[in-house]
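Residue numbers (UniProt numbering), protein chains in the order written: chain A, 1 to 190; chain B, 1 to 190.
Every residue, glycine too, gets a C-beta built ideally from N, C-alpha and C.
Here the structure is a predicted model, which is why all the values come from computation and not from measurement.
The block underneath contains the structure these notes are about, expressed in structure tokens.
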DNA sequence: GTCTATAACCAGATAGAC
DNA sequence: GTCTATCTGGTTATAGAC
């Protein structure tokens, strides 16, 4: 598979997909080379520092995918309420029944490695901050103060990370659905 | 260490502590026996089904610890707003600088194993539902409808799970602080 | 007989040589 | 791109201590 991808991209794509499903420690390099079809020699050619370096590339790849997804949803929304509700509702469909199984974009990796790999922890931290910056911008545009915007961005990011975790654990889109339904009330007062 | 604990309890306590910090796959049985001082033979005496069985016991142990923590905070709070804000604020202190390093109670384990171990996934799912039941009860007592109470319970649980993840990743209590500060606004309208 | 201690097992890991 | 080295994973076997 991945015949059309260059070896390096095939490695990143496969790694990011498997890490989402089983976490960093749960995926072996053998799994990645088997699924990507890229030989082990090539892996160490493109990623001489090994698994950590491949994981960092996979995290940055996932970061970009998520950014594009968020921006697409946000482009069509006129206010933060619509934007977030639509986004979480879309997540609930993606993690619900039917469709390809998805994992946590990078949350599991962050939870596993925050004490063991400073490199990966920093990659996750920077990814989280980039996502939050997009959220904060949406609040700023709507007239919220800078301080409120960043706090709300953190809060909504936490909501999505936690919601995805609950969806995966219960194998159901319902937790994210419940969260999406609450969002109008959560933002009603401001 | 753990001289005063019985071997079985020492294993559960050590396992739950290490799993919180490094996840399920990231902790080897060798780490657990080394830190607990319990020999490998005893481990398989008390947990004949091995690592999965020990992990399930560790999850249930952590579940109980968290339940007691929640109930203690909730007992002193007259309304859900105070209850949740106090709880999240307490989390922010626990995950902030100083003090023992903490990990995600079971969130990382859930993220790692949802596709690989149905046994552990179900233990995590049941733990999450038990915690949410306590949250929902607090809302019910305050006069919220049954449906709103369960939805709000899911939402606040997601907030805590996501907030803890952000705290660990950034090695800071600030994300949880920001969330705690937003809670009055999130619940203001009802 | 319950529990402990240690040693051996083999599959799998990452890594790297050829 | 294959093939090997080295090490660690979880597991099991067996012998001894209480």
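I want to see whether chain A comes within less than 7 Å of residue i, judged by CB atoms only; does it?
i, result
"residue 17(B)", "no"
"residue 155(B)", "yes"
"residue 21(B)", "yes"
"residue 1(B)", "Legend: pLDDT at residue 1(B) = 46, less than 50; position of this residue unreliable, no value from coordinates given."
"residue 14(B)", "no"
Could you check if residue i belongs to the surroundings of the ligand MG, using beta carbon to heavy atom distance under 6 Å?
i, result
"residue 79(B)", "Of ligands this structure carries none, so the ligand MG is not represented either."
Is it buried or exposed for residue i, if we count other Cβ within 10 angstroms and need 16 for buried?
i, result
"residue 71(A)", "exposed"
"residue 158(B)", "buried"
"residue 14(A)", "buried"
"residue 6(B)", "exposed"
"residue 65(A)", "exposed"
"residue 119(B)", "exposed"
"residue 83(B)", "buried"
"residue 195(B)", "No information on residue 195(B) is available, as it lies outside the stretch 1 to 190 that chain B covers here."
"residue 145(A)", "exposed"
"residue 105(B)", "buried"
"residue 182(B)", "buried"
"residue 107(A)", "buried"
"residue 147(A)", "exposed"
"residue 50(A)", "exposed"
"residue 99(A)", "exposed"
"residue 136(B)", "buried"
"residue 16(A)", "buried"
"residue 162(B)", "buried"
"residue 1(B)", "Residue placement at residue 1(B) is poorly supported in this model, since its pLDDT is 46, which falls under 50; the coordinates still yield a value, given next. Per the 10 Å Cβ criterion, exposed."
"residue 55(B)", "buried"
Which residues in chain A sit within 8 Å of residue i, going by Cβ to Cβ distance?
i, result
"residue 97(B)", "Under the 8 Å cutoff, chain A gives no residues; its nearest Cβ is about 14 Å from residue 97(B)."
"residue 159(B)", "155, 158, 159 and 162"
"residue 206(B)", "This structure gives no information on residue 206(B), because the portion of chain B shown stretches from 1 to 190."
"residue 101(B)", "115"
I think residue i touches residue j, with their Cβ atoms under 8 Å apart; what is that distance to the nearest whole Å?
i, j, result
"residue 113(A)", "residue 110(B)", "Not confirmed; about 16 Å, so no contact."
"residue 58(A)", "residue 19(A)", "6 Å"
"residue 85(A)", "residue 180(A)", "5 Å"
"residue 138(B)", "residue 80(B)", "5 Å"
"residue 115(B)", "residue 101(A)", "7 Å"
"residue 88(A)", "residue 11(A)", "Going by Cβ atoms, the distance from residue 88(A) to residue 11(A) rounds to 32 Å, so no, they are not a contact pair."
At a CB-CB cut-off below 9 Å, which residues of chain B make contact with residue i?
i, result
"residue 110(A)", "108, 165, 166, 168 and 169"
For residue i, return the contacting residues in chain B, with the cut-off set at a CB-CB distance below 8 Å.
i, result
"residue 152(A)", "182"
Could you tell me which chain A residues have their CB closer than 7 Å to the CB of residue i, listed as they occur along the chain?
i, result
"residue 125(B)", "169 and 170"
"residue 191(B)", "Because chain B in this structure spans residues 1 to 190, residue 191(B) falls outside the shown range and cannot be described."
Provide the residue span of the alpha helix (DSSP H) that contains residue i, from first to last.
i, result
"residue 130(B)", "118 to 141"
"residue 82(A)", "80 to 95"
"residue 55(B)", "51 to 75"
"residue 184(B)", "174 to 186"
"residue 98(A)", "Neither: residue 98(A) is in no alpha helix (DSSP H) and is coded neither H nor E."
"residue 20(B)", "7 to 22"
"residue 28(B)", "Run containing residue 28(B): none; DSSP gives neither H nor E here."
"residue 37(A)", "No alpha helix (DSSP H) holds residue 37(A); DSSP gives it neither H nor E."
"residue 108(A)", "107 to 113"
"residue 170(A)", "146 to 170"
At least one CB of chain B closer than 7 Å to the CB of residue i: is that the case?
i, result
"residue 117(A)", "no"
"residue 186(A)", "yes"
"residue 5(A)", "no"
"residue 175(A)", "yes"
Can you pull the chain B neighbours of residue i, defined as C-beta to C-beta under 7 Å?
i, result
"residue 26(A)", "25, 112 and 116"
"residue 128(A)", "166 and 169"
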